[in-house]
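Residue numbers (numbering that gives the first Met the number 0): 0 to 464.
Don't be surprised by glycine CBs; every beta carbon is placed ideally from N, CA and C.
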Amino acid sequence: MRGISFQNPIQKLVLQMLICPLDFRYGRKEMKTIFSEDQRIDLQLKVEAALARAHAKVGNVPRSASREITSQASISIVTRERVYEIENETKHDVMAVVKALSEKCGEAGNYVHLGATSNDIIDTTTALQLKAGLDIIEENLRSLLSTLIKVAERHRDTMCMGRTHGQNAIPTTYGFKVAGYASEVMRHIERLKECRKRVCVGKLSGAIGTAAALGPKARDIQAIMMKDLRLGYEEAATQVVCRDRYTELVCLMANISTSCERYATEVRNLQRSEIAEVAESFDAKKQVGSSTMAHKRNPITSENVCGLSRIVRGFVTPTFENMVLWHERDLSNSSAERFILPHVMILTDDVLAKMETVFRGLTVNKENMLRNINAAKGLIMAEPVMMALTSKGIGRQDAHEIVRSRSMIAEDKGWDLQRALLQDPLVKKHFTKAELAAIMDPANYLGFAPQMTDDVVAKAGKMLK
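Here it is in structure tokens:
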């Protein structure tokens, strides 16, 4: 590489400095490898080889030539350095790959890229990357689901406060809360499986999709090539695969990431000092929460999940804009997609992995959950008292007003709700103190939360088989 003058930003990045946090802070190796420069070039070479094999199968190219092209179509032979050197001269990235491969193939090089246009190679390569990336995302979702149902099952009967509008509502179980997350993850797995056939799609149909340059057997060549690569293909392409496919993908990744942000936000809220019902794992021997406040144990992984999820969502709008290209295509989508697709896939993978880590190491403080329920002084049991009054023949609205007014009195005087209710004549008429206490026992008002948790756990177990 010494002595070569690299002009485009990617080449300079390789030689000079790291700027994007994906290169040194965020993302996991396996997903980043899929979208690395070496992998991109290697896959482009593999696509060129598949094209040559398809031509050979219909008789357009000598089989010996297709074998030679296939044998040379590897990043270990056609190096990134040589591709970049040619690109500096041609100012065209795909043509650089074509020329670098051709010069390694001798006379067989005359058949490289026969009948294709650049995006036949680019979009098909992208499909291979996305296919591999979706495999990892699905594995992550299944791993997160497995962890969630373990938590849900473990805390099936762990009573905790339910909250709406940030205020105490009625009791629930922590297992049921987490079962809701598991249900959501199962829907994401279903969405991912459904979108594969629409997202993992390449093309081999030439300059504007008519496949004119590929000759009379063009449709056979495309079908053979895509079967070889295990991809679908665009039925009526322009010069590119239609970008609604990428939009669906990015929206799904944003949906998945936002779900994780929802779970992480709940962890962050429940870890607040005044609530303290759950907490991320913390290495008390070495981990530092703050550079100045030495006592701090911050939910940093959940906060990281929230921040990265916002970046994933930020790519939704430009992805929609990339759908709108002039006529059979322009190049306005290309530069944006070089950012969007790798970032979205790498960050979603990172978010899912971190979210699974949070739940795997989560501390659930049952004592504090019970403390917070007791601290409500019975006010969270207003609804069951209202329902009990209606069972005695009192109209629903009248029952509501009795409980509402007594709740306001209890709050004003600092009483528990039971004390305030027992001063109401209608309540005293229908219930003894012991009966009212049973009605107001939070453990008696969990509804079917445990049973519905069981249902979700069972459903998830079947999906994970």
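- Check the Cα spacing between tyrosine 25 and each of Gly105, Val343 and Ile76: the tightest is with Val343.
- Valine 304 and tyrosine 110 have their C-alpha atoms spaced approximately 48 Å apart.
- Secondary structure within the segment 131-213: the beta strand (DSSP E) runs of 3 or more consecutive residues, fully enclosed, are 158-163 and 166-172 (chain order).
- Here the C-alpha atom of isoleucine 135 lies approximately 12 Å from the C-alpha atom of lysine 192.
- As DSSP reads the structure, valine 363 sits in a beta bridge with Val277.
- Within 10 angstroms of the beta-carbon of methionine 225 lie 16 or more other beta-carbons, which makes it buried.
- Between the segment 306-316 and the segment 345-364, the count of C-beta pairs closer than 8 Å reaches three or more; the two stretches touch.
- Around serine 258, the same chain offers Tyr180, Glu183, Val184 and His187 as residues with beta carbons nearer than 8 Å, after the five sequence neighbours per side are excluded.
- In the pairwise beta carbon analysis, the segment 229-239 is classified as not touching the segment 47-64: fewer than three pairs are separated by under 8 Å.
- Exposed is the label assigned to proline 215, since fewer than 16 other Cβ atoms lie within 10 Å of its Cβ.
- Nearest C-alpha to leucine 369 among His164, Glu355, Cys159 and Ala217: Cys159.
- Between leucine 340 and phenylalanine 34, the gap from beta carbon to beta carbon is short of 9 Å.
- In the DSSP assignment, glutamine 238 falls outside any alpha helix (DSSP H) and carries neither an H nor an E.
- Per the C-alpha coordinates, the member of Arg190, Glu355, Ile74 and Ala107 positioned closest to serine 301 is Glu355.
- Here glycine 231 carries a strand assignment [DSSP, helix/strand/coil].
- Taking the CA atoms as reference points, valine 350 sits about 7 Å from serine 256.
- In the structure shown, the three-state DSSP call for tyrosine 110 is helix.
- Assigned with DSSP and collapsed to three states, cysteine 104 falls in coil, not helix or strand.
- Distance check between threonine 125 and each of Arg242, His91 and Pro61 places Arg242 closest, using alpha-carbon atoms only.
- Using a C-beta cut-off of 8 Å, the segment 36-51 makes contact with the segment 72-89, since at least three inter-stretch Cβ pairs fall below that distance.
- Here phenylalanine 23 has Leu17 as same chain residues with Cβ atoms under 8 Å from its own Cβ, once five neighbours each way along the sequence are excluded.
- Here arginine 267 is buried, its C-beta having at least 16 other C-beta atoms within 10 Å.
- In the same chain as lysine 45, and ignoring 5 residues on each side of it, the C-beta atoms closer than 7 Å to its own belong to Ala72, in chain order.
- Judged by DSSP in its simplified three-state form, serine 117 adopts helix.
- In this structure, the beta-carbon distance from valine 240 to leucine 324 does not fall below 9 Å.
- Taking the Cα of valine 384 as reference, the smallest distance to any Cα among Lys98, Arg418, Met451 and Val455 is reached at Arg418.
- With respect to threonine 116, glycine 201 sits apart: the two C-beta atoms are not nearer than 9 Å.
- Burial is judged here by how many other beta carbons sit within 10 angstroms of a residue's own beta carbon; phenylalanine 430 has at least 16 and is buried.
- Here the segment 404-417 makes no contact with the segment 136-144; the two share fewer than three CB pairs at distances below 8 Å.
- In the three-state reduction of the DSSP assignment, isoleucine 18 falls in the coil class.
- Your pair valine 277 and leucine 361 checks out as a contact, with CB atoms roughly 6 Å apart and the cut at 8 Å.
- Alanine 374 counts as exposed, since fewer than 16 other C-beta atoms from the protein chains shown sit within 10 angstroms of its C-beta.
- Using a Cβ distance threshold of 9 Å, valine 198 and valine 177 do not count as a contacting pair.
- One alpha carbon belongs to threonine 69, the other to phenylalanine 319, and they sit about 37 Å apart.
- Distance from the CA of serine 331 to the CA of tyrosine 245, rounded to the nearest whole angstrom, comes to 15 Å.
- DSSP places aspartate 243 in the helix class (H, G or I) of the three-state scheme.
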